[in-house]
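Everything in the sequence shown is counted per our numbering, starting at 16 for the first residue and increasing by one. Ideal Cβ positions, reconstructed from N, Cα and C, are used throughout, including at glycine. Remember, it's a predicted structure, so these values are computed and weren't measured experimentally. This report refers to the structure that appears directly beneath it.
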Amino acid sequence: MDDLPDEAKARRRKRWRVVRRVAYWLAGIGIAIPVSAFGVAYLMLDVRSPQDVLADLDKTVVLQYSDGTDLLKVVPSDGDRLYVRYQEIPQKLRDAIIAVEDPTFWDNQGFDPMGIARAAVTGVGGGSGITQQYIKKSTGDDDATAGRKFTELVLATKITQEQSKEQIFESYINIISFGRSTSGPAAAMNAYFGRKLDDSITWSEAAFLAGMIQSPSVHDPFASSHEHAAKRWQYVADKLTSRGYVPKDQVSALAYPKDSILPPSETRAGRVTYPDYHVKQQVLTELEQLGFPLDRLRRGSMKVETTLDRQAQANAAKAVDGGLKDMPEHYRAALVAVDPATGAVRAYQGGKWSAHDYAGTPYAAGPAFYPFIATAALQHGGTLDQPYEAPFKMEFGGETFKNQNDCADEKKCSAREAIKLPADTPFVDMTRRFGVDAVSKAARDAGIPDEVDGQATLREPDGVKIGAGIAVGRYGLRPRDVAGAYATFAGDGQKVETHFVAKIRDENGQVVWQRDVKRAPGVDPRVAKTITGALQEKAADGRPIPVMRGAFRFNDTGDAANAWNAGYTTQLATAVWVGADEERRMRDANDEHLSGQNVPAAIWNAFMGT
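Written as structure tokens, this is what we have:
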């Protein structure tokens, strides 16, 4: 550059001056535009009062059958929205909510910059503190758009300048949902613990209620399980202790308050029947995952078109009632039917006995799991006609397994014969040959989910190890997941996600959300057809119907703890489970033991018309 003529040097300096000026000018514009936009939005936008928000939540949400007729209405319950002043909110509950929802709440300017940055980088939560959550709830805008986030930041800044932190927290806690159709802490305390909200609340109870806020339809132990709810509770409790809210001498007293949590039977919104309550919970949970929590639905007086078929739902209830008519009082049953082409749940019977949803609870699958083991064999070069070891007893993975039914040849048995009996040790041999990982993967390929309510499926309690018990269907599966996975076989290997929600309409009847059904490769079509052929048997009317029947034994006895009947046509895949509230010997009034061939088969046949 030093060798350049003076004139060239001057021209170069002039060009750089122009470049710098343009850069400064663009930088100024880049700052001025968003700052100006922020200022204009600050002046134009206003935050709604919590009283206005609560008024909107008094609207009814309608759930419909697939034909558009009313299934049930989610009606706000009287007394579920008692407004509570900041001073009346127990300190323990305030601390628990702040610890888990927004630890920088008292110091931030309406949002946590580090949380937003973390969410932007990882794509995982952390971007919305208490103030922003209040803005989101008050505006009714839950869409994950840049415009919504900008509005949220403007209003969060504005409300922080205009109101005290105590006022903001009071507004927030009174409009958020804690589940069970409640808004606000007083209603939540009564709904879960049957007590009024006061300083008698324990740290354990406060941690439980704070944990409900993230996803109330999922974290309620009577919607998922106490095991799942306890994990969420532990997360909140860890935040409380690690951030120094709980005095050290009280930490040892922290425990998940299982025995204190009341079932929702006395607080069910709309006082619906138990079968309808189970459907409502499944639909609301799915809607929440789709970004349509109950308060958003209420604000818009929305109607939700479910996938449930009115006649199929009635037939399912009739089939279950008929199948259990002469059975002992402790018998329980569940039925789920899925459309193989779309994954739509057409019938769902979770039981009429309590708020416990039997169709949404995992139970040991037993022989109902064997088609997935056979799938693994086919995917790894095996056939269903080759002989597998079939002794009465077999050692595998440090355990001893015994046949429920022996093969004709006590030493060898084909998978086809083993499926028909069913016999256990041939499937133990298949699992030993092809590996527990291959078996687990085959079940996943068919549609068994990786986890349910945060708990890994087809795994030991550590959530990692796959034990030898997978060879005999020891791991728990929900009836809805068994039906969904069998639907993959019915659909020639194409997998679709099981679901309850088809469309959502606003109060004007306009569709605001519609499901886009996506089919994905699951099981090789040739494998699926082979499994279908192996499961086929003749129905009463002569039709070939693929079906798998079997029972899971009670300990080391010859009695069953539960039994299954799962099968399909090209139009419908249906799983029926029969068992009890607690694992026990299942015998009927004639002292006959439960099997897949009796009560579950009777229910399945009655529903499917075979």
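Distance CB(T503)-CB(V538) smaller than 7 Å: As a position in the sequence shown, residue 503 is number 488, starting the count at 1. As a position in the sequence shown, residue 538 is number 523, starting the count at 1. Going by C-beta atoms, T503 is nearer than 7 Å to V538.
What separation, rounded to the nearest whole angstrom, lies between the Cα atoms of Q525 and A329? Against the sequence shown, residue 525 aligns to sequence position 510. Against the sequence shown, residue 329 aligns to sequence position 314. Approximately 29 Å, taken between the alpha carbons.
Bridge partner(s) assigned by DSSP for L78: Indexing the sequence shown from 1 puts residue 78 at position 63. Its beta-bridge partners are L87, V319.
Please check the pair G365 and H293, which I expect to be a contact at CB under 8 Å, by giving their CB distance rounded to whole angstroms. Here residue 365 corresponds to residue number 350 of the sequence shown, with the count starting at 1. Here residue 293 corresponds to residue number 278 of the sequence shown, with the count starting at 1. About 3 Å; that satisfies the 8 Å criterion.
Grouping DSSP H, G and I as helix and E and B as strand, with all else coil, what is Q529? Against the sequence shown, residue 529 aligns to sequence position 514. Reduced to three states, the DSSP call for Q529 is strand.
Determine the direct distance from the alpha carbon of K533 to that of T357, and round the result to whole angstroms. Locating residue 357 in the sequence shown gives position 342, counting from the first residue. Locating residue 533 in the sequence shown gives position 518, counting from the first residue. Computed Cα separation, rounded: 8 Å.
Considering only C-alpha positions, which residue in the set A352, G315, S316 is nearest to A627? What is shown of the chain runs 16 to 625, which leaves residue 627 out entirely.
So is Y39 buried or exposed if we call it buried at 16+ other beta carbons inside 10 Å? Taking the first residue of the sequence shown as 1, we reach residue 39 at position 24. Because the pLDDT at Y39 is just 49, under 50, the model does not fix this residue reliably, and the value given afterwards should be weighed accordingly. Y39 is exposed by the Cβ-count criterion.
Which complete alpha helix (DSSP H) runs does the segment 318-354 hold, if anything under 4 residues is left out? 325-338
Name the one or two DSSP bridge partners that K6 has. Summary: the structure shown does not reach residue 6, with the chain confined to residues 16 through 625, and so no result is reported for it.
Assign E607 to one of three DSSP states: helix, strand, or coil. The residue you call residue 607 lines up with position 592 of the sequence shown. It is coil, neither helix nor strand.
For W619 and V593, which I take to be in contact (beta-carbon distance under 8 Å), what is that distance rounded to the nearest angstrom? Sequence index remark: in the sequence shown, residue 619 carries index 604 (1-based). Sequence index remark: in the sequence shown, residue 593 carries index 578 (1-based). No, W619 and V593 are not in contact; Cβ-Cβ is about 10 Å, not under 8 Å.
Burial state of D496, where buried means 16 or more other Cβ atoms lie within 10 Å: Here residue 496 is taken as the residue at index 481 of the sequence shown, counted from 1. Buried.
Less than 7 Å between the beta carbons of A566 and A334, yes or no? Here residue 566 refers to the residue found at position 551 of the sequence shown. Here residue 334 refers to the residue found at position 319 of the sequence shown. No; because the gap between Cβ atoms is not below 7 Å, this pair is not in contact.
Secondary structure at T625, three-state DSSP: helix, strand or coil? Sequence index remark: in the sequence shown, residue 625 carries index 610 (1-based). Three-state DSSP puts T625 in coil, outside helix and strand.
Would you mind listing the beta strand (DSSP E) stretches within the segment 428-504 that are 3+ residues and don't spill past its ends, in chain order? none
What does a CB cutoff of less than 6 Å around L277 pick up in its chain, not counting 5 residues either side in sequence? Position 262 of the sequence shown, counted from the first residue, corresponds to residue 277. G209.
Sort L393, I481, A483 by Cα distance to T547 and report the nearest one. Here the question's residue 547 lines up with position 532 in the sequence shown. Nearest C-alpha to T547: L393.
Under the three-state reduction of DSSP, which class applies to Y403: helix, strand or coil? In the sequence shown, residue 403 corresponds to position 388, counting from 1. In this structure, Y403 counts as strand in the three-state DSSP scheme.
Taking the alpha-carbon positions, what's the M409 to Y385 distance? Here residue 409 refers to the residue found at position 394 when the sequence shown is read from its first residue. Here residue 385 refers to the residue found at position 370 when the sequence shown is read from its first residue. Their backbone Cα atoms lie some 17 Å apart in a straight line.
Taking only the alpha-carbon atoms, compute the straight-line gap between D85 and R520 and give it to the nearest angstrom. The residue given as residue 85 occupies position 70 in the sequence shown. The residue given as residue 520 occupies position 505 in the sequence shown. If I take the Cα positions, the gap works out to 14 Å.
Compute the Euclidean distance between the alpha carbons of Y373 and P476, then round it to the nearest angstrom. Within the sequence shown, residue 373 is the residue found at index 358, counting from 1. Within the sequence shown, residue 476 is the residue found at index 461, counting from 1. Whole-angstrom Cα-Cα distance: 21 Å.
Stretch pair the segment 194-206 + the segment 222-230: three plus CB contacts closer than 8 Å: yes
When DSSP labels each residue in this structure, what does V538 get in the three-state scheme? As a position in the sequence shown, residue 538 is number 523, starting the count at 1. Correct three-state label for V538: coil.
Bounding residues of the alpha helix (DSSP H) (the contiguous stretch that carries N205): If you number the sequence shown from 1, residue 205 lands on position 190. That run of the alpha helix (DSSP H) goes 200-208.
Quick one: Cα of S192 to Cα of D310, how far? Translated into positions along the sequence shown, residue 192 becomes position 177. Translated into positions along the sequence shown, residue 310 becomes position 295. Between S192 and D310, the C-alpha separation is close to 7 Å.
DSSP state of I560 mapped onto helix, strand, coil: Within the sequence shown, the letter at position 545 stands for residue 560. In this structure, I560 counts as strand in the three-state DSSP scheme.
Within the continuous alpha helix (DSSP H) that includes Q102, where are the two ends? Stepping through the sequence shown from its first residue, residue 102 is reached at position 87. From DSSP, Q102 is part of no alpha helix (DSSP H); its letter is neither H nor E.
Going by the CB atoms, is the gap between L212 and T111 shorter than 7 Å? Here the question's residue 111 lines up with position 96 in the sequence shown. Here the question's residue 212 lines up with position 197 in the sequence shown. In the sequence under discussion, the amino acid at residue 111 is Ala, which differs from the Thr named in the question. No.
Is it the case that the CB of L305 approaches a heavy atom of the ligand NAD more closely than 6 Å? For the ligand NAD, the structure offers nothing, since it holds no ligand at all.
Which residues mark the beginning and the end of the beta strand (DSSP E) in which W579 is found? Position 564 of the sequence shown holds residue 579. Looking at the DSSP string, the run of the beta strand (DSSP E) that includes W579 is 575-583.
Using CA coordinates, which residue listed in P279, I183, G624, V614 is at the minimum distance from Y346? Stepping through the sequence shown from its first residue, residue 346 is reached at position 331. That would be V614, whose Cα lies nearest to the Cα of Y346.
V97 to P377, Cα distance in whole Å? What you label residue 97 is simply residue 82 of the sequence shown in a count that begins at 1. What you label residue 377 is simply residue 362 of the sequence shown in a count that begins at 1. What sits at residue 97 in the sequence shown is Leu, not Val. If I take the Cα positions, the gap works out to 37 Å.
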